[in-house]
Structure formats: C-alpha cells, structure tokens
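Numbering (our numbering), first residue to last: 1 to 334. Glycine residues also receive a C-beta, built at the ideal position from the N, C-alpha and C atoms.
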C-alpha cells in the first residue's frame, strides 16, 4: 500500500507540472508584462531554451519547463525560430507554441509598380532589413535565364522581377533570402497564371513582355485601362514610333517628379523612350500579373496617343491633332 501511495503521489506531481494552474507550471506571478521576442537557434537544447525563457522573464522555473516538455514528449521537438511569447503563458502553452513552430511573422507588402530602390527603402523603414544590402543583392541576382542580361545600362538584374504581393516573413530574414522569395514568387506566378506558357507559345521573350508590362503598370491608374494602354505601346513599337512614356523618364531620374519637363525629355539615356524607339534596356518596375496579361492580350485599336485626366483615367486619340485637342480640353476642364 505504501508503494502504491508513493506511485500515486509521483503521478499526481507529474501531472501537476503539466497543468497551467499548478505553481510549477504557472508563470503569471513572474513573467514580464506584455511580450518578449526570443530566438531559438538551431542546436539549442531544451535546457538552453528553458534558461533563455527564464532570462527573458517568461518562465519562472527552468526545470519545470523541461519537465513539461518531457512529459508531453516534445522535448526533442521544440523548433528553431523567432517567437513572440506573451508574458504569463504557462509552460504547457509555451511548449505547444514552440513544438508547432508558431514563429513570429512580419507582414511585408511590395506594392504594384515598385522598383528595387523603393522596395529597399520600404523594407528598411519597416525595420525588416537594410536598404543597401537589398540593393547590393539585387544588382546581379538573376537565378532564371529570362532575367539575365549583359546590358551595362541595367542597374539591377532583378528589376521588374520581384512580385508585388504581401508576404509573411520570419524575423531576421536576410536581404538575400527576402530577394529570393520575391523573385521565386514572380516565377511561380508566371507559371500558375499560364502567362509563361502563353509567352513560349508565341515565341516571345519573357524579359520583353515584363519590360512592356512594367510601363503599362506605371501608366495605368485603373486596371481596366491596361489592355488599351498596352495596345498603344505595342502599336508604336510595331511602326517604329517611340513609346514616349513619362514613366521611363521618372525611372532614369531616380525620383517621382510631379511634372516631367521638356528638359527631362531630352536627357540622353537608353531609358529615354522619347528619343529612343523600342523598349528600354530593362523593366522600370515590378508589374502585376494583370499588367503582364494586358500585354499578352492588348486591346486592338487605332489609338496612338493618350493623356491623363485629373481623376487618373486617360483620353485616347488616333492622331496627334486629336491628342493636342484632348490636352487642351482637359486643361480647360472639358
């Protein structure tokens, strides 16, 4: 009977450790208010993790935490990663979080039409990484054949090939890994959307399609106008007429000017589509899949010109005389 009583006491004691309400597993009277970010590095033992949690004022008794992990059979399954642990969680709750790898994630959005430099500036402003490191990584990054170019005028081989979307990122992700994630998503989207297949069937070059789509993305405020704008640009290229897109001037200037001047239009640069026919050396921004599809399915019209109205829509014209009249009418509020 004594042995049975002793065994029963041991069982009760072990079970108590696993319960958040028991003193050994409860951290409420010890834990820091709010939450703490902790990093569990690869190779760390359960003891290392327990001591780290204790140092961060999240776990009152490291030994109790280790016992909890062993009791649940999860001592060897605590995953590496960066976690945001709320103060006051029990040992059982913390073990569950780490065993399931519920790491702290950051949300980062690459807006449509962003460049490498604007993306780099945004990620630094949001505390995700360093702008200069992202820019350096993008300079010669071209893991896919369609990204490769020997043109010295192209500042970033990754320009145009980071996909605009919202990403969930682990804390501490390197700029190189982030760039890879964005570029891989671009390639994945090309495949899943069917765009890559269509481009191949038409014997087009992905780089050329993306190049054109980037200008369409930057010109169109409203997505429904993208096919028509794409049609204008493609028709101009077909007849040897310069594309004349202000967006390429903005890119070569390295800033978004409210008004592009006549002096800007005379700048000698391969990216100046006012003085050079055909496509610029490379994409000027990251286009959405909608813009890419607009280039692949352009609206077939006789329009060769368009001008922006105050609300962002455009007026399209067939002749230069009509174009000048459209500009005059807009200025007069007609």
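Residue 226 counts as buried, since no fewer than 16 other beta carbons sit within 10 angstroms of its beta carbon.
Residue 102 carries a coil assignment under DSSP once its states are collapsed to helix, strand and coil. In the assembly as shown, residue 324 is an exposed residue. Its beta-carbon has fewer than 16 other beta-carbons within 10 Å. Secondary structure note for residue 308: its beta strand (DSSP E) is the uninterrupted segment 305-308.
A Cβ-Cβ separation of about 6 Å places residue 140 in contact with residue 157 under the 8 Å criterion.
Non-local C-beta neighbours of residue 219 in its own chain, meaning closer than 7 Å and more than five positions away in sequence, comprise 229, 245, 247, ordered along the chain. Shown here, residue 312 sits in coil according to DSSP, grouped into three states, outside any helix or strand. In this model, residue 329 and residue 307 are separated by some 11 Å (Cα to Cα). Residue 293 and residue 262 have their alpha carbons spaced roughly 32 Å apart.
Taking 8 Å as the cut-off, the beta carbon of residue 215 is found no closer than this to the beta carbon of residue 289. Put simply, the segment 188-202 touches the segment 293-304. At least three CB pairs are less than 8 Å apart.
Looking at 123, 40, 42, 36, the one whose alpha-carbon comes closest to that of residue 84 is 36.
Apart from the 5 residues on each side of it in sequence, residue 95 sits with its Cβ closer than 8 Å to the Cβ of 65, 68, 69, 72, 74, 78 in its chain, given in chain order. With respect to the 8 Å criterion, residue 166 and residue 107 are classified as neighbours on the basis of their beta carbons.
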